[in-house]
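Notes to accompany the following structure.
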Amino acid sequence: MPDEKKTKKEEIPRSVDPASLEVLAECTDLQPIGTSWDRLKKQHPQCGFGLKGLCCRHCSMGPCRVDASKEKLKYGVCGVDSDTVAARHFVRMIAAGAAAHSDHGRGVAETFLAAAKGEAKDYKIKDQQKLYGLAMDFGVEIGDRAVEDIAIEVGEKSLGIFGEQHGPIPFLKRAPLKRQALWKEHNMEPRGVDREIVECMHRTHMGVDQDPENLMMQGNRAALADGWGGSMLATELQDIMFGTPQPILGECNLGVLKDDEVNVVIHGHEPTLSEMVMVVCQSPEMIAKAKAVGAKGINLGGLCCSANEILMRHGVANIGNFLQQELALATGAVDVMTVDVQCIMSSLAQIASCFHTKFITTNYRAKIKGAQHIQFEEHDAENIARQIVQMGIDNYKNRGVTKIPKAKCNMIAGFSHETINYLLGGVYRSSYKPLNENIINGRIRGIAGVVGCNNPKVTHDKDHIALVKELIANNVIVLQTGCSALACAKEGLMLPEAASQFAGPGLAEVCETVGIPPVLHMGSCVDNSRILMAASAVVKEGGLGDDICDLPAVGAAPEWMSEKAISIGQYFVASGVYTLLGTTFPTLGAEGFTDFLFNKHEKLTGGMWGFEPDPMVMARKMIEAMDGKRRALGLDKGKERVLFDMAMRRELDAG
Amino acid sequence: MAEEKKIKRKKFDGEEVEIVGETYEEGVPDKGDNWRSKMENREQMLRYLKAGERYWFSDDWYGSERRKTPA
Ligand code: SF4
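For the record, the sequence lines run as chains R and Z. By the working numbering, the letter at position 266 of the first sequence is numbered 277, and the numbering carries on one by one without gaps. By the working numbering, the letter at position 19 of the second sequence is numbered 264, and the numbering carries on one by one without gaps.
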């Protein structure tokens, strides 16, 4: 098992992104709060028990530090051992991550239902076809019924799924039949995500479930209720309201901010507000108002998954990923920043106050001290969005000196699983067959899902980019979401020409024939559910086994930081995918439980976890796993690349 | 049919091979490919779902993955 300690260095470069480095070099005046990198440095040394998942404070007899390797610390006051402490902690991380995605999904479902009933007049049913698909999934009659009637019934059923008390959630039927049977056999079919999260919290309470493997049965159920439930519902309903993503050109990185326009920035996750802000920013009335204050127009940009949502549907510029949120403010060019939920740093209000920036929270669930709060209501969405944009326009005149870096990059986003299906065959022959055939004939070695966050513990974007470049050089097609996608977009990997520049010859040939980049942007973090759908389609197309765990497909989150990443990883593991984390792994101090996650879990679901902080070694592990699956499928006849180990690489470097 | 563009690429073992080059037009598109608008009415949309997205929506197909609840 890799030792996390060996990877720690006192000072590592903060970022590989030139735009971020440029702002970091300039922003020395954000005291006392500084940036996340400054604060991480001040936090050192971090608690060793916490890092290894060995700290418990589930009751007031504690907090307890439980470490099997130290005689004195073998047991908590209640008698619990390190494996159970780590397992309870891990399951709570899954519950928190699943809750975040699913509460997002619930919010979308409520807006969807209000729109269907005509109570949220600013939202429409944009993709009727997807509505009909969902109606079929839910057994809602289509016939000649009015679109609104179908939508109301779909909306009510969607809301009901969150609290489903008994039966398995309906989207499980989308998985390959063999996978469904496996979940049933192991009693792993989730009920509604609300119930599964409550049960996670109950079972991890002091004195309840104290068998790590039994705890993980519940962890698996909750994660599946996220991936095939809350997250998938969020994706589906957002697509119906705002459009199913289709290939679209966009720009990314801090250089998209403009000196001569009003910069309106949206940050967070839910597209309900960002879609409205976009509509308002494009209105001639608001553009005229911006011009009246001396700006050339209104420049809307997004951060994190809010950015992914409007980028993949409208090509709206993307300012950057998680670790760039503070840097965007530090340019001094942001006239108004609005945030909703998730991945929003507490520091933003203080950093905004160092500049002229208006910083606005919009969701009652996520208020921040020092921010101005404007509650977003879907019933009055456009007016609230107008109020926010107006604040930016009014604030433009207060701007001081700006430091906007030049670096920005074009990218193609919008590869929903439906669009991939279409691109591979056209309207009349839509199919995953060409992908399967090219995996079978060896042009494509396998499929990797590379997702997740940034983490200041490792150099910003470096591991994402290194991993993905190594994968595509080895003919692995890469599917991406979230901040990981944005890291690779900034490196130019999401352009069709990246195929000839960076991909191995087999993958390059396929990409150049279809006209797609070797790295496909599939959306925001809730859109990892699209990767589940794509994997299911590949299985159902045939020729690559009859379950997701048969595919030469591996997942990774090299720079993860949030509990959502644990929930996502767990629903991939529960769906049969080997999934690796970089940076750190939250159970490393509990050997027995970690061994269960890294090895024995494969016997349960066909999927397991792994940890590897070095992105090149991670790539090697992923490719080896894909080759293992190819061998099991009898696809190992083709000539394979000699994988360089670290010693060989060092020799090359020295040479 | 226009002739396929071929480009030379090095394999990992260093051997040079000829592969099909890019087939897309040069330049930057000024709008997205709105393929979903090609299905204009309910009948076409349902037909596409059952054929194009047959993995989930076909009445009686897909191979061993037969839909349990008829669409
Ligand atoms: S639950 Fe047990 S290990 Fe946790 S704080 Fe209480 S006594 Fe300590």
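We treat Cβ as the ideally placed atom computed from N, Cα and C, and that holds for glycine. Source: prediction; values computed, not measured.
### Query
Along the chain, where does the alpha helix (DSSP H) that runs through Thr430 of chain R open and close?
Working through the first sequence from its first residue, we reach residue 430 of chain R at position 419. First-last of the alpha helix (DSSP H) with Thr430 of chain R: His428 to Leu434.
### Collapsed DSSP secondary structure at Cys420 of chain R in the structure displayed
The count along the first sequence starts at 1 and reaches residue 420 of chain R at position 409. Strand at Cys420 of chain R.
### Query
Are the C-beta of Asp304 of chain Z and some C-beta of chain R separated by less than 7 Å?
The sequence position of residue 304 of chain Z within the second sequence is 59, counting from 1. Taking Cβ atoms only, chain R never reaches closer than 7 Å to Asp304 of chain Z, which makes this a no.
#### Entry: Cβ pair count under 8 Å reaching 3, the segment 594–613 of chain R against the segment 134–150 of chain R
no
### Task
Give the secondary structure of Val653 of chain R by DSSP, where H, G and I count as helix, E and B as strand, and everything else as coil.
Along the first sequence, one-based indexing puts residue 653 of chain R at 642. At Val653 of chain R the pLDDT is 45, less than 50, meaning the model places this residue with poor confidence and gives no usable figure here.
### Query
Should Cys316 of chain R go down as buried or exposed, given a rule of 16 or more other Cβ atoms within 10 Å for buried?
Here residue 316 of chain R refers to the residue found at position 305 when the first sequence is read from its first residue. Result: buried.
### Query
How would you label Arg25 of chain R, buried or exposed, when you count the other beta carbons within 10 angstroms and need 16 or more for buried?
The residue given as residue 25 of chain R occupies position 14 in the first sequence. Buried.
### Message
Quick check on this structure: which residue in R:Asp155, R:Gly553, R:Cys66 and R:Asn374 has the alpha carbon closest to the alpha carbon of Gln386 of chain R?
### Response
To locate residue 386 of chain R, count along the first sequence from 1; it is residue 375. Answer by Cα proximity: R:Asn374.
### Query
Helix, strand or coil for His55 of chain R per DSSP?
In the first sequence, counting from the first residue as 1, residue 55 of chain R sits at position 44. His55 of chain R: coil per DSSP, three-state reduction.
### Query
Considering Asn279 of chain Z, what are the terminal residues of the beta strand (DSSP E) in which it resides?
Stepping through the second sequence from its first residue, residue 279 of chain Z is reached at position 34. Asn279 of chain Z -> no beta strand (DSSP E), and no H or E assigned at all.
### Task
Please confirm whether Asn449 of chain R and Val521 of chain R have their CB atoms less than 7 Å apart.
Reading the first sequence from its first residue, position 438 is the one you call residue 449 of chain R. Reading the first sequence from its first residue, position 510 is the one you call residue 521 of chain R. Against a cut-off of 7 Å, the Cβ pair of Val521 of chain R and Asn449 of chain R comes out as a contact.
### Query
Are the C-beta of Gly144 of chain R and some C-beta of chain Z separated by less than 7 Å?
As a first step, residue 144 of chain R must be located in the first sequence, where it is residue number 133. Judged by the 7 Å Cβ criterion, Gly144 of chain R is in contact with chain Z.
### Task
List the residues of chain Z that Asp561 of chain R touches, going by C-beta distances under 9 Å, in chain order.
Here residue 561 of chain R corresponds to residue number 550 of the first sequence, with the count starting at 1. Within chain Z, no residue comes near Asp561 of chain R; the closest Cβ sits about 13 Å away, beyond 9 Å.
### Query
Is it true that the CB of Gly308 of chain R sits closer than 7 Å to the CB of Ala301 of chain R?
Reading the first sequence from its first residue, position 290 is the one you call residue 301 of chain R. Reading the first sequence from its first residue, position 297 is the one you call residue 308 of chain R. It is a contact, given that the beta carbons lie within the stated cut-off.
### Task
Have a look at Glu167 of chain R and Met323 of chain R and give me their C-alpha separation to the nearest angstrom.
The residue you call residue 167 of chain R lines up with position 156 of the first sequence. The residue you call residue 323 of chain R lines up with position 312 of the first sequence. Computed Cα separation, rounded: 27 Å.
### Task
Could you spell out where the alpha helix (DSSP H) holding Cys315 of chain R opens and where it closes?
Here residue 315 of chain R is taken as the residue at index 304 of the first sequence, counted from 1. Residues Cys315 to His325.
### Message
With a threshold of 7 Å between beta-carbons, can Glu520 of chain R be considered close to chain Z, or not?
### Response
Here residue 520 of chain R corresponds to residue number 509 of the first sequence, with the count starting at 1. Chain Z, which has a Cβ nearer than 7 Å to the Cβ of Glu520 of chain R, makes this yes.
### Task
With a cut-off of 8 Å on the beta carbons, I'd call Gly566 of chain R and Gly587 of chain R a contact; round off their distance for me.
For the purposes of this step, residue 566 of chain R is taken as residue 555 along the first sequence, with counting starting at 1. For the purposes of this step, residue 587 of chain R is taken as residue 576 along the first sequence, with counting starting at 1. About 11 Å separates the two Cβ atoms, so there is no contact after all.
### Message
Taking a contact to mean a Cβ-Cβ separation below 7 Å, would you say Ser242 of chain R touches Ser540 of chain R in this structure?
### Response
Position 231 of the first sequence, counted from the start, is the residue given in the question as residue 242 of chain R. Position 529 of the first sequence, counted from the start, is the residue given in the question as residue 540 of chain R. Yes, the Cβ-Cβ distance between Ser242 of chain R and Ser540 of chain R is below 7 Å.
### Task
Would you mind telling me which residues of chain R sit closer than 8 Å to Glu298 of chain Z, beta carbon to beta carbon, in chain order?
Residue numbering aside, residue 298 of chain Z sits at position 53 when the second sequence is read from its first letter. Gly144, Glu429, Asn432 and Ser441, listed in chain order.
### Message
Taking 7 Å as the threshold (beta carbon to beta carbon), is Ala548 of chain R in contact with chain Z?
### Response
Within the first sequence, numbered from 1, the residue matching residue 548 of chain R stands at position 537. True, the Cβ-Cβ gap to chain Z drops below 7 Å.
### Query
Using 8 Å as the threshold, is the segment 349–367 of chain R in touch with the segment 421–430 of chain R, meaning 3 or more CB pairs across them?
no
### Task
Using a Cβ cut-off of 9 Å, pull out every chain Z residue sitting near Ala285 of chain R, in sequence order please.
One-based indexing of the first sequence puts residue 285 of chain R at position 274. The amino acid at residue 285 of chain R is misidentified as Ala; the sequence shows Ser. Here the premise fails: no neighbours, minimum Cβ distance about 18 Å.
### Task
Using a threshold of 7 Å, state whether the C-beta atoms of Gly108 of chain R and Glu574 of chain R are closer than that.
Indexing the first sequence from 1 puts residue 108 of chain R at position 97. Indexing the first sequence from 1 puts residue 574 of chain R at position 563. Yes, the Cβ-Cβ distance between Gly108 of chain R and Glu574 of chain R is below 7 Å.
### Query
Between the segment 635–650 of chain R and the segment 267–286 of chain R, do three or more beta carbon pairs fall short of 8 Å?
no
### Query
Which residues in the same chain as Thr372 of chain R place their Cβ atom closer than 7 Å to its Cβ, once the five residues preceding and following it in sequence are excluded?
By one-based count along the first sequence, residue 372 of chain R stands at place 361. Val350, Lys378, Ile379, Ala382 and His384, listed in sequence order.
### Query
Cα separation between Glu164 of chain R and Val550 of chain R?
Position 153 of the first sequence holds residue 164 of chain R. Position 539 of the first sequence holds residue 550 of chain R. Cα-Cα distance, rounded: 31 Å.
#### Entry: Exposure of Lys189 of chain R, with buried meaning 16 or more beta-carbon neighbours within 10 Å
In the first sequence, counting from the first residue as 1, residue 189 of chain R sits at position 178. So Lys189 of chain R ends up on the buried side.
#### Entry: Residue-chain proximity (Met323 of chain R, chain Z), Cβ-Cβ < 7 Å
Here residue 323 of chain R refers to the residue found at position 312 of the first sequence. Taking Cβ atoms only, chain Z never reaches closer than 7 Å to Met323 of chain R, which makes this a no.
### Query
Where does Glu552 of chain R sit, in a helix, a strand or coil, going by DSSP?
Here residue 552 of chain R is taken as the residue at index 541 of the first sequence, counted from 1. The answer is helix: DSSP assigns Glu552 of chain R an H, G or I state.
#### Entry: Whether Thr594 of chain R touches Cys536 of chain R by CB criterion (7 Å)
Position 583 of the first sequence holds residue 594 of chain R. Position 525 of the first sequence holds residue 536 of chain R. No.
### CB contact below 7 Å: Arg292 of chain Z versus chain R
The residue given as residue 292 of chain Z occupies position 47 in the second sequence. It does not; no Cβ of chain R falls within 7 Å.
### Query
For Arg68 of chain R, is the beta carbon positioned less than 6 Å from some heavy atom of ligand 1?
On the first sequence, residue 68 of chain R is found 57 positions in, with the first residue counted as 1. Yes.
### Task
To the nearest angstrom, report how far apart Asp222 of chain R and Cys38 of chain R are at their CA atoms.
Start at 1 with the first residue of the first sequence, and residue 222 of chain R comes out as number 211. Start at 1 with the first residue of the first sequence, and residue 38 of chain R comes out as number 27. Going by the C-alpha atoms only, they are around 49 Å apart.
### Task
Ignore the nearest five residues each way along the sequence and tell me which others in His213 of chain R's own chain have a CB closer than 7 Å to its CB.
Numbered from 1 along the first sequence, position 202 holds the residue referred to as residue 213 of chain R. Same-chain partners within the cutoff: Val219.
### Message
Our contact map puts Asp78 of chain R next to Leu62 of chain R with C-beta atoms below 8 Å; I'd like the distance itself, whole angstroms only.
### Response
As a first step, residue 78 of chain R is located in the first sequence; it is residue number 67 there, counting from the start. As a first step, residue 62 of chain R is located in the first sequence; it is residue number 51 there, counting from the start. Not confirmed; about 12 Å, so no contact.
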